[in-house]
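In this note's numbering, the protein residues as written are 237 to 538.
By construction, the Cβ of each residue, glycine as well, lies at the ideal position given by its N, Cα and C atoms.
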């Protein structure tokens, strides 16, 4: 994706739309156009964006999704400027005076208008794993050393799970109720990555889902989605609690717990979605710790 440019202070970058863009070798005022996919990893790499996409509460207060919970940073306690949601406000982006804009195909702010403000690159999260996006951002911002430290920490945490738990002989799954259906991803966010990297076994119905797709199942498939340990999530950014997820499963099938061995025997865990899905090494650490303690933390059970 990178190629040397003629000017010493820029480099040629080919983005995921095939556009060749001259970007600064040392950007100092980045605007991130997706909070959980781009802003969170930038902050973890030690790069504080000049501006960021964000969400808004019902009262109109902007926030970075999982920002404070994972990094401690948000719009109300940092220099990061809120540039809008979906689509972002191009005028607010311009007001930040960025020297680099990083966006995604999901963001509907017109690329030509963004490019008129500052060099703009598009990173498609459907073409890259979270780790690949993290590594790419590290190369763009000159923080590869920091990335390698974070990656090494995560790899050590996976080794610890493998040492303590016989992962290959334990089945797991991550499922989510949604409007009367059960949604399943081949590898759901951080929790799915941890479970895959640690070597746990997933049901065949989950393995058969393409990486870039979502499995949508009716109540009849609930037992096929069962496993020794099942994980589900709830959204703390929308003030939900585990009760909301339980109610969602009840909408799929009343008394759902009787159809899931993991639930019936107390081996189903409902966890915050921000930690389970955000592009964050801290979230990976939290997920790894959750898996380790949830599955190995009952040594007295036989």
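Quiz item: Touching or not, the segment 259-272 and the segment 323-339, by the rule of three or more beta carbon pairs under 8 Å?
Solution: yes
Quiz item: Is the distance from the Cβ of residue 464 to the Cβ of residue 432 below 9 Å?
Solution: no
Quiz item: Can we say the segment 368-386 touches the segment 507-519, given the rule of at least three CB pairs closer than 8 Å?
Solution: yes
Quiz item: In terms of alpha-carbon separation, which member of 289, 378, 283 and 277 lies closest to residue 245?
Solution: 378
Self-check item: Cβ pair residue 407, residue 453 closer than 9 Å
Solution: no
Quiz item: Going by alpha carbons, who is nearest to residue 521 out of 390, 254 and 477?
Solution: 390
Self-check item: Range of the contiguous alpha helix (DSSP H) that encloses residue 367
Solution: The continuous alpha helix (DSSP H) containing residue 367 extends over residues 366-377.
Self-check item: Range covered by the beta strand (DSSP E) that runs through residue 476
Solution: That residue, residue 476, is in no beta strand (DSSP E); it is neither H nor E in DSSP.
Exercise. Could you please give the first and the last residue of the uninterrupted alpha helix (DSSP H) stretch that includes residue 510?
Key: 509-513
Exercise. Consult DSSP for residue 361 and reduce its assignment to one of helix, strand or coil.
Key: coil
Quiz item: Considering only C-alpha positions, which residue in the set 414, 353, 342 and 403 is nearest to residue 252?
Solution: It is 342 whose Cα lies nearest to the Cα of residue 252.
Exercise. Rank 417, 257, 495 and 488 by C-alpha distance to the C-alpha of residue 359 and give the top, closest one.
Key: 257
Quiz item: Which runs of the beta strand (DSSP E) spanning at least 3 residues fall entirely within the segment 242-287, listed in chain order?
Solution: 246-250, 256-260 and 266-268
Practice problem: Tell me, to the nearest whole angstrom, how far the beta carbon of residue 291 is from that of residue 510; I am working on the premise that it is less than 8 Å. | Solution: Separation of the CB atoms of residue 291 and residue 510 is rounded to 11 Å, and the pair is thereby denied contact status at 8 Å.
Practice problem: Using the DSSP secondary-structure output, state which residues sit across from residue 412 in a beta bridge. | Solution: DSSP lists 419 as partners of residue 412.
Self-check item: Contacting residues, own chain, Cβ-Cβ under 6 Å from residue 467 (five flanking each side not counted)
Solution: So the list reads 410, 427 and 505, once near-sequence residues are dropped.
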